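**Student:** The letter at position 46 of the sequence shown is residue 46 when you use full-length UniProt numbering, and the numbering goes up by one with no holes. Glycine included, C-beta positions come from ideal geometry on N, C-alpha and C. Source: prediction; values computed, not measured. Below are the structure tokens for one structure; questions will follow.
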Amino acid sequence: MAFARRTTPPAVCLSHARAALAALVLGFGGLAPLEAALAAAPAKAAAKPVASDSQQKPVTNIAVVDVQFLLEKCSAMQSMKRQDSEQTQKFQAEQSQQEQFLRQAEKELASQRTKLGQEDFDAKRKDFEQQVAEVQRRLQERKRQLDNAFAAASAQLRDNMVRVVGEVARENGFTLVIPRSNIIYMADDALDITNTVLSRLNATLPQITVNVPN
Numbered sequence: 001m002a003f004a005r006r007t008t009p010p011a012v013c014l015s016h017a018r019a020a021l022a023a024l025v026l027g028f029g030g031l032a033p034l035e036a037a038l039a040a041a042p043a044k045a046a047a048k049p050v051a052s053d054s055q056q057k058p059v060t061n062i063a064v065v066d067v068q069f070l071l072e073k074c075s076a077m078q079s080m081k082r083q084d085s086e087q088t089q090k091f092q093a094e095q096s097q098q099e100q101f102l103r104q105a106e107k108e109l110a111s112q113r114t115k116l117g118q119e120d121f122d123a124k125r126k127d128f129e130q131q132v133a134e135v136q137r138r139l140q141e142r143k144r145q146l147d148n149a150f151a152a153a154s155a156q157l158r159d160n161m162v163r164v165v166g167e168v169a170r171e172n173g174f175t176l177v178i179p180r181s182n183i184i185y186m187a188d189d190a191l192d193i194t195n196t197v198l199s200r201l202n203a204t205l206p207q208i209t210v211n212v213p214n
């Protein structure tokens, strides 16, 4: 933010500040990164003792689950998406308000350029630059809080989904569950437990509250 120090009136400019503020558009918008992380998360399995050579190896019964379908259709993810949209709108409104505040402060500073001595003007310019830095800091902190809140909600959904998959698998005698995205061919659709998992997940976790600090 360069200001002429002697004869030429300064071009007080917020271009770099606006660019920095614009870069703070919510990184969690649309929840796409969280959905991708959930879909890629490996399932947790309880450790089992290693069988000795004399023991007969258990038969592996494989089930399939469509993780992407679960994330698209489960009511918990739908509730997260609604909250994501609400928080995005609030954040963008706050960002716009702060930009307007800085724009007005910039105009006031420019109008005083020819009225103040160099020392007084430099002091006011420093105050303005500190205001810009403070606005950026507050918005960055708010974005960090939002990112952390949605990451925690995402982890809650992932843990519950893995838990329900494990329950359904055990109840039906399956010893291994793999994501449908890794399947090239499956002869028996009865091996797909997605709908059963979805019904139980919706029943046990109908929604997730994203705990965003005020």
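#1: Only counting the same chain, and skipping five residues up and downstream in sequence, which positions put a Cβ closer than 7 Å to that of residue 208?
#2: Sort 165, 148 and 211 by Cα distance to residue 176 and report the nearest one.
#3: How big is the Cα-Cα spacing for residue 206 and residue 128?
#4: Are the beta-carbon atoms of residue 64 and residue 192 separated by less than 9 Å?
#5: So, using beta-carbon positions, are residue 213 and residue 140 closer together than 9 Å?
#6: Determine the closest residue to residue 68 out of 148, 113 and 198, with distance taken between C-alpha atoms.
#7: Starting from residue 205 and walking both ways along the alpha helix (DSSP H), at which residues does that stretch end?
#8: Just mark residue 161 as buried or exposed, buried being the case when its beta carbon has 16 or more other beta carbons within 10 Å.
#9: Note down, in chain order, each residue of its chain lying with its Cβ closer than 6 Å to the Cβ of residue 204, except the 5 sequence neighbours on either side.
#10: Starting from residue 155, follow the alpha helix (DSSP H) in both directions and report where the run begins and ends.
#11: Suppose you measure from the CA of residue 49 to the CA of residue 167; what does that come to, to the nearest Å?
#12: Tell me the rounded alpha-carbon separation between residue 107 and residue 136.
#13: Looking at residue 116 and residue 124, is the spacing between their C-beta atoms short of 9 Å?
#14: Between the Cα of residue 103 and those of 87, 132, 180 and 173, spot the shortest distance and give me the residue it belongs to.
#15: Could you tell me the alpha carbon to alpha carbon distance between residue 181 and residue 99, rounded to whole angstroms?
#16: Looking at the secondary structure, which residues open and close the alpha helix (DSSP H) in which residue 70 lies?
#17: Identify whether residue 188 lies in helix, strand or coil by the three-state DSSP scheme.
#18: For residue 92, which of 66, 113 and 142 has the nearest alpha-carbon?
#19: On the DSSP letters alone, give me the boundaries of the beta strand (DSSP E) that residue 59 sits inside.
#20: Would DSSP call residue 177 helix, strand or coil?
**Tutor:** Considering the structure as presented:
#1: 76, 79, 80, 153, 156 and 157
#2: 165
#3: 48 Å
#4: It is a contact, given that the beta carbons lie within the stated cut-off.
#5: no
#6: 198
#7: Premise fails: residue 205 is in no alpha helix (DSSP H) and is neither H nor E.
#8: buried
#9: Contacts found: none.
#10: It spans 118 to 171 - the alpha helix (DSSP H) in which residue 155 sits, taken as one unbroken run.
#11: Below a pLDDT of 50, predicted positions are generally treated as unreliable, and residue 49, at 48, falls in that range; the measurement from the model is reported next regardless. Taking the straight line from one Cα to the other gives about 20 Å.
#12: 19 Å
#13: yes
#14: 132
#15: Rounded to whole angstroms, residue 181 to residue 99 spans 44 Å at the Cα level.
#16: 67 to 73
#17: coil
#18: 142
#19: In the DSSP assignment, residue 59 falls outside any beta strand (DSSP E), carrying neither H nor E.
#20: strand
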